[in-house]
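Below: one structure, written as structure tokens.
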Amino acid sequence: MLDIKWIRENTDAVDLNMKKRGAEPVSSYILSLDEKRRDVMGRLQELQSQRNKISKEVGQAKAKGEDASHLFESMKTIGPEVKKLEEEERALQTELKDFVATLPNILDAAVPEGKDDTENVEVRRWGTPRTLNFEPKAHYDLGEDLGQLDFETAAKISGSRFAWSSGDLARLERALAMFMLDTHTEQNGFTEVNPPVLVTPQTMYGTGQLPKFGDDAFYTNDERDLMLTPTAEVSLTNYMADRIVQESDLPIKFCAWTPCFRKEAGSAGRDTRGLIRVHQFNKVEMVQIVHPEKSNEALQFMLGCAEDILQKLNLPYRVLNLCTGDMGFGSEQTFDLEVWLPAQNTYREISSCSKCGDFQARRMNGRFKDKDGKNHFVHTLNGSGLAVGRTLVAVMENYQNEDGSITVPDVLKPYMGGKEIIKAVSK
RNA sequence: GGAGAUGUGGCCGAGCGGUUUAAGGCGCACGCCUGGAAAGCGUGUUGGGGGCAACCCCUCGCAGGUUCGAAUCCUGUCAUCUCCGCCA
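Take a look at the structure:
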């Protein structure tokens with residue numbers, strides 16, 4: 569959520585930002601609404617002030633045992649007028665807030681210009697794709713041939729875009745998650761959290777999924793309208809909702825391994841096979857709550873944490889600086905990591921690390937108290953560390969052997985009971 | 001699912017419908033005192049909004065309502081705790 573005071577003083581920047589994101593200018597509309605609201609508020613406060621004064625006089629008169637009924641006359645007209653202005657003010661306030669809540673975050677100056685994902689800027693590459701002397705299989709073929717990935721069964725149970733894995737492959741995914749969690753907690757200083765994945769609409773609003781992107785999420789028919797989280801970012805970041813922490817508590821670093829639920833509305837026909845795009849997948853997420861001055865530093869740190877996982881797994885990847893046209897709603901700046909997938913002969917997204925400034929903190933009212941006792945909004949960041957399902961895909965395809973078996977990466981062996989190779993189960 | 005209890009500034013805790021503009025205490029910050037400290041004394045200490053400013057408005061879990069006037073009365077709702085039932 570943008571600061572209305574800031575919008576008032578930076579109308580050009582607001583409209584320029586909308587343009588960069590490929591949207592229409594909005595500042596004149598906001599300004600006129602804000603002006604109307606402040607006008608009503610001024611008149612309302614004047615009346616409230618009168619009411620308070622008279623009310624006090626009534627109290628004083630009664631205390632002395634005097635008759636105060638003559639004071640009621642003016643109060644009788646003030647009362648309904650106050651109520652009317654209150655309603656007017658509330659309506660304008662709601663209208664303004666509802667509108668501002670739909671505006672995306674202001675992009676960092678370091679974000680490259682570009683119209684869509686084709687114009688993202690590659691920052692660096694790491695690792696060299698393995699040269700195979702055989703035709704690489706796609707992970708879904710590998711998994712099905714191993715007898716440990718079963719999309720038919722998943723479809724029977726839940727419909728399209730779900731997966732069923734079993735045996736060593738299921739364990740390999742768990743191994744990946746444990747390896748990631750252990751690395752982030754033991755090496756990178758994150759605190760492991762087991763958060764709820766079923767959250768209130770208010771929580772989804774806090775991180776920016778609502779009100780604009782409700783169509784992407786699964787709702788329950790629970791009377792509280794609980795929703796399934798599309799990422800643990802939602803639960804973890806909302807730790808700060810209506811909370812004031814001490815400056816010395818920062819940074820707060822959480823990581824969590826949770827299932828994520830996405831409708832994938834609008835992606836019909838894309839990645840219809842396999843684990844790449846499913847309604848339910850597991851992800852290890854990192855969230856940082858930091859002092860505003862540490863935002864940039866924290867973003868680089870988190871990007872490093874995500875890269876480190878790929879490096880330890882020896883998976884080739886590249887880093888992209890997302891361009892203005894491809895940036896998410898709440899983000900100021902985002903780096904994506906794309907991992908090499910031999911069967912697709914291309915890099916595919918496996919992590920996304922974003923800094924959100926005070927955008928989310930403002931929505932959820934998350935603050936810290938500085939040394940002088942003043943409160944400020946915290947800055948929030950989130951990054952995948954990594955998308956576990958897609959990491960499984962990457963390991964399968966990059967570590968596949970000609971006979972269809974999969975070599976277990978060295979760092980995962982301790983988590984696989986020492987198993988070195990995943991082979992087909994006998995049918 | 002059923003029954004009951006409780007929600008008041010960072011914490012504890014008062015609060016007959018009108019000087020509550022939320023007592024008192026604890027904690028914290030600053031000052032006085034001291035060689036230094038403790039104790040003592042004094043001052044400040046919820047959060048948000050509007051205004052150049054003086055200052056004003058809102059905020060007692062949340063949302064409605066009653067009233068000239070609500071922390072206080074009414075309704076709904078949420079959270080916490082206790083007991084019963086069910087349950088991994």
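Residues in the first sequence are numbered consecutively from 569, following this note's numbering.
Don't be surprised by glycine CBs; every beta carbon is placed ideally from N, CA and C.
Neighbourhood of residue i by C-beta distance below 6 Å, restricted to the same chain and skipping five residues each side
i	result
Ala731	Ala722, Leu843 and Val846
Lys831	Asp784
Thr753	Glu760
Asn864	none
Residue i versus residue j: straight-line alpha-carbon distance, rounded
i	j	result
Gln868	Ala992	41 Å
Ser803	Thr797	8 Å
Lys987	Leu766	35 Å
Ser637	Ala631	14 Å
Gln755	Cys873	9 Å
Thr751	Cys823	11 Å
Leu794	Gly972	43 Å
Ala629	Lys937	44 Å
Arg930	Arg811	11 Å
Ser994	Glu712	12 Å
Tyr920	Ser952	Here residue 920 turns out to be Ser, not Tyr, going by the sequence shown. Using only the alpha carbons, I get a separation of about 6 Å.
Ile990	Val976	7 Å
Tyr967	Pro704	10 Å
Glu641	Gln613	20 Å
Lys644	Lys624	15 Å
Ala581	Phe719	49 Å
Lys651	Trp574	30 Å
Val956	Glu791	32 Å
Glu663	Ile974	57 Å
Arg916	Tyr885	9 Å
Glu535	Asn913	Since the first residue of the chain shown is 569 and the last is 995, residue 535 is not available in this structure.
Phe829	Tyr787	10 Å
Glu853	Asn701	36 Å
Gly735	Ser899	39 Å
Where residue i falls: helix, strand or coil (DSSP)
i	result
Tyr967	coil
Glu988	coil
Pro827	strand
Val908	Per the sequence presented here, residue 908 reads as Trp, with Val not at that position. Three-state result, Trp908: strand.
Thr975	strand
Ile820	strand
Glu760	strand
Leu766	strand
Val556	Missing from the structure shown is residue 556; the chain here goes from 569 to 995 and no further.
Asn950	strand
Ser835	coil
Leu675	coil
Ala636	coil
Ser733	strand
Ala955	strand
Met569	coil
Pro982	helix
Same chain only: Cβ atoms within 8 Å of residue i, ignoring 5 sequence neighbours per side
i	result
Phe897	Pro672, Asn673, Gly776, Lys780 and Phe781
Asp583	Pro593, Val594 and Ser595
Val946	Met808, Val813, Leu818, Ile857, Val858, His859, Pro860, Asp926, Ala929, Gly934, Arg935 and Phe936
Leu871	Val887, Phe903, Leu905, Cys921 and Gly951
Gly682	Asn688, Val689, Cys891, Thr892, Gly893 and Asp894
Tyr708	Leu717, Phe719, Arg841, Gly842 and Leu843
Gln618	Ser642 and Ile646
Leu601	Leu660, Glu663, Leu664 and Phe667
Ile725	Trp732
Same chain, Cβ closer than 7 Å to residue i, neighbours up to 5 away in sequence not counted
i	result
Asn889	Pro680, Asn688, Val689, Val691 and Phe903
Phe747	Val979, Leu980 and Tyr983
Thr579	Ser595 and Leu599
Asp684	Gly893 and Asp894
Thr959	Leu744 and Ile918
Met586	Glu592, Pro593 and Val594
Pro648	none
Ala962	Leu883, Val907, Leu909 and Ile918
Arg757	The identity of residue 757 in the sequence shown is Gly, whereas the question assumes Arg. Hits under 7 Å: Lys821.
Val608	Leu653, Glu656, Glu657 and Leu660
Pro769	Leu778, Asp793 and Met795
Paired residues, beta bridge with residue i - DSSP
i	result
Lys937	Gln814 and Asn943
Met771	As written in the sequence, residue 771 is Thr, which differs from the Met given in the question. DSSP lists no partner for Thr771.
Met692	Here the sequence assigns Arg to residue 692, which means Met is not the residue at that position. Arg692 is bridged to Val887.
Ser726	DSSP, once it has assigned bridges, lists no residue as partnering Ser726.
Met795	Val767 and Tyr787
Leu717	Ser733
Contact test: residue i Cβ vs the ligand ATP heavy atom, cutoff 7 Å
i	result
Tyr967	Judged by which ligands are present, the structure shown has none, so any question about the ligand ATP falls away.
Suppose only complete runs of 4+ residues qualify. What are the alpha helix (DSSP H) ranges in the segment 849-936, listed by chain order? 863-880 and 927-932, all fully within the segment 849-936.
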